[in-house]
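Enquirer: First to last, the sequence lines map onto chains A and B. In case it helps, the numbering used here puts the first sequence at residues 145 to 347. In case it helps, the numbering used here puts the second sequence at residues 4 to 159.
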Amino acid sequence: MSLVNFTTREITCKIVYYGPGRSGKTTNLQYIYGQVPDDRRGRMVSLATQTDRTLFFDFLPLELGSISGFTTKFQLYTVPGQVYYNATRKLVLQGADGVVFVADSQIRQLDENLESLQNLHQNVLEHGIDIRTLPMVMQFNKQDLPRELILAPQELDDALNFRGAQTLSADALHGQGVFETLKAISAEVLRKLSESSATARRG
Amino acid sequence: MTTTTVVEAWTEQPLVRFVGQSSARIVVVMTPAGQVLAQHGFTRAVDLMSAAALGAAIMASSGALAQQVGESTFGALYHAGQRHGIHLAACNTPRGRLIVLTVFGRETSIGLVQVFFEEFVIALRQAAPVEEPRGPVLPADFENELNSSLATLFRR
Numbered sequence: 145m146s147l148v149n150f151t152t153r154e155i156t157c158k159i160v161y162y163g164p165g166r167s168g169k170t171t172n173l174q175y176i177y178g179q180v181p182d183d184r185r186g187r188m189v190s191l192a193t194q195t196d197r198t199l200f201f202d203f204l205p206l207e208l209g210s211i212s213g214f215t216t217k218f219q220l221y222t223v224p225g226q227v228y229y230n231a232t233r234k235l236v237l238q239g240a241d242g243v244v245f246v247a248d249s250q251i252r253q254l255d256e257n258l259e260s261l262q263n264l265h266q267n268v269l270e271h272g273i274d275i276r277t278l279p280m281v282m283q284f285n286k287q288d289l290p291r292e293l294i295l296a297p298q299e300l301d302d303a304l305n306f307r308g309a310q311t312l313s314a315d316a317l318h319g320q321g322v323f324e325t326l327k328a329i330s331a332e333v334l335r336k337l338s339e340s341s342a343t344a345r346r347g
Numbered sequence: 004m005t006t007t008t009v010v011e012a013w014t015e016q017p018l019v020r021f022v023g024q025s026s027a028r029i030v031v032v033m034t035p036a037g038q039v040l041a042q043h044g045f046t047r048a049v050d051l052m053s054a055a056a057l058g059a060a061i062m063a064s065s066g067a068l069a070q071q072v073g074e075s076t077f078g079a080l081y082h083a084g085q086r087h088g089i090h091l092a093a094c095n096t097p098r099g100r101l102i103v104l105t106v107f108g109r110e111t112s113i114g115l116v117q118v119f120f121e122e123f124v125i126a127l128r129q130a131a132p133v134e135e136p137r138g139p140v141l142p143a144d145f146e147n148e149l150n151s152s153l154a155t156l157f158r159r
């Protein structure tokens with residue numbers, strides 16, 4: 145749940161980048177880390193194996209700036225994509241305000257995308273949350289690969305996007321679509337916060 | 004430099020007293036999701052945000068391990084280093100479950116931290132208000148400001 149400090153007028157939200165192994169979740173965070181000025185980001189923590197596969201999570205705190213008088217901070221996390229690490233993946237999802245599902249656009253990875261998406265639904269449910277209420281955007285990564293190797297965004301949308309989430313094409317390695325994805329999930333999360341505060345005021 | 008940051012004001016008094024009594028370097032109170040609710044002490048002792056994320060992760064994984072061996076939860080965790088030690092524990096309050104990370108040096112001991120931690124938990128429970136905090140007031144047109152902030156952030 146988003147944390148709001150009325151004294152210092154700060155909002156802190158937790159965003160989790162989810163998806164199958166090697167789909168580009170860590171790459172998204174590394175690109176953001178490289179692009180953002182030092183004074184607007186904290187240290188990036190990566191708990192990885194010796195072969196640089198995410199073991200537990202990557203973590204990047206980010207200060208977006210002032211929105212409606214609130215200094216808005218996002219804490220970006222990735223989960224380990226490998227099937228083996230489901231126990232830790234579930235833990236990282238705890239308290240998430242929004243999810244970016246990073247899909248691998250390669251044709252041969254379609255089953256892995258579907259499995260990861262089903263796993264996301266299951267893990268969110270085990271935290272007692274209805275996935276339909278959780279802000280989510282989908283990123284179709286690796287769209288820079290040769291056409292014969294990948295599925296087009298429309299095909300991926302048909303195969304994966306059951307709930308009609310906003311989708312974005314990306315080449316996270318070179319930064320294309322990374323900013324747009326962060327922007328989309330930020331808007332979704334803050335929109336939900338805005339709606340829930342309006343509901344609370346009416347109640 | 005000693006600093007105090009509190010998101011929820013009710014945590015401040017018990018927290019400052021706990022740091023003073025236990026002679027800890029820094030104490031961080033966070034949610035199970037790793038969001039910092041309050042901190043007091045020498046901020047240079049740790050990178051606050053990273054420490055909170057890691058502390059919450061340690062507690063979450065040890066809790067999951069506890070369940071696997073048939074325990075509802077494990078108690079506090081303690082790690083001793085050459086110059087610093089950490090004490091990591093969870094407590095239930097009327098405002099939900101909280102995690103407390105205490106970093107301490109040679110000027111105190113794990114025994115003292117444990118003794119005063121128990122008093123700290125009691126004080127937190129007594130201080131915690133039951134009612135929910137009021138929601139933030141984000142206007143419907145916040146997106147223009149969001150876009151502008153993100154454009155600045157990415158230097159676009």
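For every residue, glycine included, the Cβ atom is placed at its ideal position computed from N, Cα and C. Everything numeric in this text was worked out from a predicted model, so none of it was measured.
Taking Cβ positions, are residue 24(B) and residue 119(B) nearer each other than 9 angstroms?
Expert: yes
Enquirer: Considering residue 315(A), what are the terminal residues of the beta strand (DSSP E) in which it resides?
Expert: Careful: residue 315(A) lies outside any beta strand (DSSP E) and carries neither H nor E.
Enquirer: Whole angstroms are fine: how far does the CA of residue 301(A) sit from the CA of residue 258(A)?
Expert: 12 angstroms
Enquirer: Would a C-beta distance cut-off of 9 angstroms place residue 337(A) and residue 155(A) closer than the cut-off?
Expert: yes
Enquirer: Can you tell me where the alpha helix (DSSP H) holding residue 100(B) begins and where it ends?
Expert: Not the alpha helix (DSSP H): residue 100(B) falls in the beta strand (DSSP E), residues 99-107.
Enquirer: Alpha carbon to alpha carbon, how far is residue 80(B) from residue 310(A)?
Expert: 42 angstroms
Enquirer: Since residue 190(A) meets chain B, which of its residues come closer than 7 angstroms, beta carbon to beta carbon?
Expert: Correct list: empty, because the minimum Cβ distance to chain B is about 11 angstroms.
Enquirer: Where does residue 147(B) fall in DSSP's three states?
Expert: Residue 147(B) falls in the helix class under three-state DSSP.
Enquirer: Whose C-beta lies closer than 8 angstroms to the C-beta of residue 113(B) among residues of the same chain, with five residues either side of it excluded?
Expert: 81, 83, 88, 90 and 107
Enquirer: For the 8 angstroms Cβ check, are there 3 or more pairs between the segment 148-159 of chain B and the segment 200-211 of chain A?
Expert: Segments in contact, yes.
Enquirer: Note the first and the last residue of the continuous beta strand (DSSP E) segment covering residue 305(A).
Expert: No beta strand (DSSP E) contains residue 305(A), which DSSP labels as neither H nor E.
Enquirer: Helix, strand or coil for residue 185(A) per DSSP?
Expert: In this structure, residue 185(A) counts as strand in the three-state DSSP scheme.
Enquirer: Judging by CA-CA distance, which residue of 316(A), 278(A), 174(A) and 280(A) is the nearest neighbour of residue 289(A)?
Expert: 316(A)
Enquirer: Leaving out the 5 sequence neighbours to the left and right, which residues in its chain are closer than 6 angstroms to residue 189(A) when beta-carbon positions are compared?
Expert: 203
Enquirer: Short of 7 angstroms in beta carbon distance, which residues of its chain neighbour residue 123(B), apart from the five on each side in sequence? Order them along the chain.
Expert: 17 and 21
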